[in-house]
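Below: the structure, in structure tokens.
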Amino acid sequence: MRSQSHTQSVLNRPSRRTFVQGLAIGGAAASLGVVPRMAGAHTQERQDPAVLSGTEFNLRIGETEVNVTGKTRTALTINGSMPGPLLRWREGDTVRLRVANALDEDTSIHWHGIILPANMDGVPGLSFSGIHPGTAYDYRFTVKQSGTYWYHSHSGFQEQHGVYGPLVVDAREPEPFQYDREHVVMLTDWTDESAARVFSKLKKQSDYYNFRQRTVGTFLQDVRRHGLSATLAERRMWGQMRMSAADLADVTGYTYTYLMNGRAPAGNWTGLFTPGEKVRLRFINGSAMSYFDVRIPGLKMTVVAADGLPVRPVTIDEFRIAVAETFDVIVEPTGQAAFTIFAQAMDRTGFAAGTLATRAGLTAPVPEVDPRAVLTMADMGHGGMGHDMSTMAPAAAPPASPPAADPHAGHTMPPPPPPPAADPHAGHTMPAPAAASDPHAGHDMSATGGGAMQAHPRTEQGNPLVDMQTMTPSAKLDDPGIGLRDNGRRVLTYADLFSPFADPDGREPSRTIELHLTGHMARFAWSFDGIKFSNAEPLRLTYGERVRIVLVNDTMMTHPIHLHGMWSDLEDEAGQFKVRKHTIDMPPGSKRSYRVTANALGRWAYHCHLLLHMEAGMFREVRVDEGRQS
Amino acid sequence: MRAVLRCLVAGLVMSRPLAAQAQPPAAPHQHDAAQAPTPPLTPASTEDHSAHQAPATTPAAVELPAFIPPPTDADRQAAFPDVQGHGVHDNAVNYFVLFDQLEGQDGDGQGGVSWDIKGWVGQDLNRLWFRAEGERAGGRFDQAQTNLLYGRAISRWWDVTAGVRLDTLPDTPRSALAVGVQGLAPYWFEVEASAYVETSGRTHVRVETAYDLLLTNRLVLQPLIEFEIYGRADPERRIGTGLSTGELGLRLRYEFRREFAPYVGVVWNRKFFGTADVAQAGGDRISGARLALGVRLWM
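Sequence order for the protein chains is A and B. The letter at position 533 of the first sequence is residue 533 when you use the working numbering, and the numbering goes up by one with no holes. Counting from 1 along the second sequence, just add 1000 to a position and that's the residue number in the working numbering.
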């Protein structure tokens, strides 16, 4: 049934490259993960990766033969499975994890989103020296939080090859929501190619994997739809920028197979339910490079946690999950025996899918992927350049947004000059004394509201590694994002997310650090402020201070930005605390701010969680040193 | 109309001048810096190249709120272990070898082969470039040149190149110093322009531009224009002063894979001015069209 509907969807789109469906891996329901094809010396034939719980854990990073696409490949695995075992910790426990390296290269494990001492964070070169072949590292720390997280290698490209797994911390106190059953749903991307090869191809030809460029055919289509002059004008803008409006993902379904709990769509991962139950689904995006848009046709989802921590419940039809984010949702399946969990890649070149069912072996119809979207000038914060192509229309901010955030503002008037208080350089030069009640706080925020011309760091000027700069970015918190606007479904946005608790710090940030996300698509070089990691000084914080980080996306890609060791407290456009996260999604043309309490001494990684962007240099060290006691 | 004007203005704002306004910062290598013991506090004198990060304004003292405990010695020890290794590898050396044209040509009943190969090895900003192109028809080389160039990215879309060009023709070898620019002009025109000074002092300029027109995502029509201008005649090679030769190619390739694309094409050649006069005097034609059948490969 399922494979029939796949076949049809492929036949209906002969011109599109079909994405690999994967083999039917086993028939067993409720199993998690790719089954090792050959039992190695150290792996038994096992259907499911283990669920490991307690306080003592033994993990072993090794090689395992897997077959995801019909070809046998060597994956790098944790305890022989991909994903690795589900780790279950308990809040308040001190856990000890012995990670042994059976590879012939260094490895590491980073516990994503977990607050812990720097030497337990697992980043080679910052937290420790990595785990050398044939050795083991003992991680030991006290777990101070609860919720859904994940863990992965922070060494080279190992994460792409399978070194990742889900992590659940059970709460000591009752959580503010109830459920009867739970499933982890980990979404990842798999390629039969080596990630190093993927990276080197992108360095040679950055659009190597994009077979959805606009062509003569789409030009003629647009002429029919929008008229010749509008189409020419639109193409002229892109041509002058030397950018591609079809650039939604660097690595696509051309090489990726998208996995749900280690299974390709044809493998049909299945989570069981009994009608009437409340089922908690713990979604984790453990991909190297892929964003997913997730929905379960026929079911509303109530989002109850984001990045591990509870949020005020919000009921939605669909959510976009950035790489490294987690969302916990509660569904109440009833009236059908099976529901499809459908996670289409943001660029629509493929999907991961599985089934919620009352028993193993059932399937439900799998939807078509949505039509692909193309980027608009408004998407990239070039609001003033937008004009009358109807593709621009969905970019209009929903009514809830403040008037200044209207990306169409430029249609009728030039971008307004910054109001006197909104010095765009504020973030750059404001010395901001460490006053607890800094009245400047509101000033910076007026800039994130959008409308004002964005100033840029000096290091971006004339920099060959910076191929564009946004002009009038805005927070876009209530924007569902490219490809999800006006799709008739209620789509989660960051504007919907509120922590149920007040700002846990309570102090106003004493200073603002503005960082721009930068890159050069054609050179496939990525950086902050135009400076790659290896040329950058650490970002220095003093223990105990509270800072505001303002990120401005000067690229046309979406970047999930992850700070290790400390929480990222996302703010709204007015600078008010909204929600505590560990990974902040930064769409093109966005300017978002969050607060960080520097309560963790040490050297911390701060980076784009798109693996290849990180490896290309979009990475900084954040160093928290002790201040003088005053 | 206003929209168009605004686009143009915005385009001007967006596009960068050819010349670099500033070199990228050459900050100390991170790994070196990381391994040096760092004092707990950065003195304000530390100059950061990305000034607006304002490490200088990192407060020297912070009054700890009640919910942030003062660090213990154990905390300090855990925070700054001695470490080795690299966070990421963002300065790796990459390479690219493109057999842009490997083709057989046929025109006027005369067969020939032609090649155009280029490649680089290096990092994001600094690369060593290699270009080789030539033609062989009727049992002799019409052209065979090799460029070895150092290329540096100087702005968003442009590299400057400098190096040598060797024309390895059996009878009339030439060697020259080469300087040039290469990059992507607005509307995705790929441009290579080079100026040469031969050891004899003779100068010439060569410009090539190509465009990829996507008929589909795999079927690509590539127009290419190439011409050469000489500052002084080179009689041994039957080249006159001024615009000497021009070529217009139109190649239609199908990318079975990105790396493998067979093509068919037509190529028009024309000799101009003094070069044409010499050809005519020798009874040669000054222009001709040929069919080309070839393959574009890269690795």
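Every residue, glycine too, gets a C-beta built ideally from N, C-alpha and C.
DSSP three-state call for residue i: helix, strand or coil?
| i | result |
| --- | --- |
| A:G589 | coil |
| A:G267 | helix |
| B:L1224 | strand |
| A:G113 | coil |
| A:A305 | strand |
| A:F199 | helix |
| A:A393 | Low confidence applies to A:A393: its pLDDT is 34, below 50, so where it sits in the model is not reliable, and the reading given next is rough at best. A:A393: helix per DSSP, three-state reduction. |
| A:A441 | Low confidence applies here, because A:A441 scores a pLDDT of 35, under 50, leaving its location unreliable; read the following figure in that light. Looking at A:A441 - three-state DSSP - the assignment turns out to be helix. |
| A:E325 | coil |
| B:V1191 | strand |
| A:E56 | strand |
| A:N67 | strand |
| A:M186 | strand |
| A:M289 | coil |
| A:H516 | strand |
| A:P433 | Low per-residue confidence applies at A:P433: pLDDT is 32, beneath 50, and the placement is therefore not dependable enough to give any value. |
| A:K204 | helix |
| A:V662 | Within the shown structure, residues of chain A are numbered from 1 to 630, placing residue 662 of chain A beyond reach of any answer. |
| B:P1235 | helix |
| B:P1186 | helix |
| B:L1293 | strand |
| A:V547 | strand |
| A:L465 | coil |
| B:D1106 | strand |
| A:L228 | helix |
| A:Q534 | Note that residue 534 of chain A is Ser in the sequence shown here, rather than Gln. Reduced to three states, the DSSP call for A:S534 is helix. |
| A:G617 | coil |
| B:E1135 | strand |
| B:G1240 | coil |
Residue i: which of the options sits nearest, CA to CA?
| i | options | result |
| --- | --- | --- |
| B:V1220 | B:D1082, B:R1296, B:N1147, B:Y1150 | B:R1296 |
| A:A502 | A:R580, A:A598, A:I561 | A:R580 |
| A:H559 | A:P49, A:G162, A:S590 | A:S590 |
| A:R548 | A:R511, A:F533, A:T188, A:F177 | A:R511 |
| A:G565 | B:A1144, B:A1193, B:A1078, B:D1234 | B:A1078 |
| B:W1322 | B:G1107, B:A1132, B:L1128 | Residue 1322 of chain B falls outside the range modelled here, since chain B spans only 1001 to 1299, and no answer is possible. |
| A:L570 | A:L362, A:P371, A:L309 | A:L309 |
| A:S527 | B:L1293, B:H1089, B:R1202 | B:H1089 |
| A:T334 | A:P367, A:P297, A:G350 | A:P297 |
| A:V466 | A:M377, A:A525, A:T493 | A:A525 |
| B:P1223 | B:T1241, B:Y1230, B:L1248 | B:L1248 |
| A:E193 | A:R73, A:F342, A:I482 | A:R73 |
Report the neighbours of residue i on chain B: residues whose CB is nearer than 8 Å to its CB, in chain order.
| i | result |
| --- | --- |
| A:P117 | D1075, A1078, A1079 |
| A:D106 | G1085 |
| A:R523 | D1124, A1153 |
How would you list, in chain order, the residues of chain A whose beta-carbon sits under 9 Å from the beta-carbon of residue i?
| i | result |
| --- | --- |
| B:L1300 | Because chain B in this structure spans residues 1001 to 1299, residue 1300 of chain B falls outside the shown range and cannot be described. |
Interface residues of chain A around residue i at Cβ under 8 Å?
| i | result |
| --- | --- |
| B:A1060 | T542, G627, R628 |
| B:P1186 | G239, Q240, R242 |
Closer than 7 Å by beta-carbon distance: list the chain A residues that pair up with residue i, in chain order.
| i | result |
| --- | --- |
| B:N1217 | F211, R212, Q213, T215 |
| B:I1068 | G544, N599 |
Does the Cβ of residue i lie closer than 7 Å to at least one heavy atom of the ligand NAD?
| i | result |
| --- | --- |
| B:G1112 | The ligand NAD is not part of the structure shown, which contains no ligands of any sort. |
Who are the neighbours of residue i on chain B, taking C-beta pairs under 7 Å?
| i | result |
| --- | --- |
| A:G617 | V1088, D1090 |
Could you tell me which chain B residues have their CB closer than 9 Å to the CB of residue i, listed as they occur along the chain?
| i | result |
| --- | --- |
| A:P265 | Here the premise fails: no neighbours, minimum Cβ distance about 23 Å. |
Name the chain E residues that come within less than 7 Å of residue i, Cβ to Cβ?
| i | result |
| --- | --- |
| B:P1071 | Going by chain labels, chain E is absent from the structure shown, which instead holds the protein chains A and B. |
### Task
Check distances from the C-beta atoms of the region 1125 to 1138 of chain B to those of chain A and list, in chain order, the residues that come in under 7 Å.
Listed in sequence order: L1125.
### Task
Residues of the region 1153 to 1177 of chain B with a CB closer than 7 Å to any CB of chain A: list them in chain order, please.
Considering only beta carbons, the part of the region 1153 to 1177 of chain B lying closer than 7 Å to chain A consists of A1153, I1154, S1155, R1156, W1157, in chain order.
### Query
Using 8 Å as the threshold, is the region 482 to 501 of chain A in touch with the region 315 to 324 of chain A, meaning 3 or more CB pairs across them?
Contact between the region 482 to 501 of chain A and the region 315 to 324 of chain A is established, with three or more Cβ pairs separated by less than 8 Å.
### Query
Residues in the region 540 to 555 of chain A with C-beta within 8 Å of chain B's C-beta atoms, listed in sequence order?
Within the region 540 to 555 of chain A, contact with chain B at the beta-carbon level (separation under 8 Å) is assigned to R540, L541, T542, Y543, G544, E545.
### Message
Closer than 7 Å between beta carbons: that is the criterion. Which residues of the region 1080 to 1106 of chain B meet it against chain A?
### Response
For the region 1080 to 1106 of chain B, the set of positions with a beta-carbon nearer than 7 Å to some beta-carbon of chain A reads F1080, P1081, V1083, Q1084, G1085, H1086, G1087, V1088, H1089, D1090, N1091, N1094, F1096 in chain order.
### Query
Quick one, which residues of the region 450 to 464 of chain A are near chain B if we go by CB-CB under 7 Å, in chain order?
Listed by position, the residues of the region 450 to 464 of chain A near chain B (Cβ gap below 7 Å) are P457, R458, T459, Q461, G462, N463, P464.
### Query
With contact counted as at least three CB pairs below 8 Å, one residue from each stretch, are the region 1272 to 1279 of chain B and the region 1070 to 1082 of chain B in contact?
Contact between the region 1272 to 1279 of chain B and the region 1070 to 1082 of chain B is absent, because fewer than three Cβ pairs lie under 8 Å.
### Task
Mind checking the region 464 to 476 of chain A against chain B and listing, in chain order, the residues whose C-beta falls within less than 9 Å of any C-beta there?
Answer in chain order: P464, L465, V466, D467, M468, Q469, M471.
### Task
Output, in sequence order along the chain, the residues in the region 601 to 615 of chain A whose CB is closer than 9 Å to any CB in chain B.
Residues of the region 601 to 615 of chain A whose Cβ lies closer than 9 Å to any Cβ of chain B, in chain order: L601, G602, R603, A605, H607, M614, E615.
### Query
Along the region 62 to 80 of chain A, what residues have a CB closer than 8 Å to any CB found in chain B?
Within the region 62 to 80 of chain A, no residue has a Cβ lying closer than 8 Å to any Cβ of chain B.
### Task
Please confirm if the region 324 to 343 of chain A is in contact with the region 270 to 281 of chain A, defined as three or more CB-CB distances below 8 Å between the two stretches.
Pairwise C-beta distances place the region 324 to 343 of chain A in contact with the region 270 to 281 of chain A, as three or more of them are shorter than 8 Å.
### Message
So, does the region 361 to 378 of chain A touch the region 237 to 254 of chain A, judging by three or more C-beta pairs under 8 Å?
### Response
Short answer: they touch.
### Query
Which residues, in order along the region 123 to 141 of chain A, keep a beta-carbon less than 8 Å from a beta-carbon of chain B?
Flagged, chain order: V123, P124, G125, L126, S127, F128, S129, G130.
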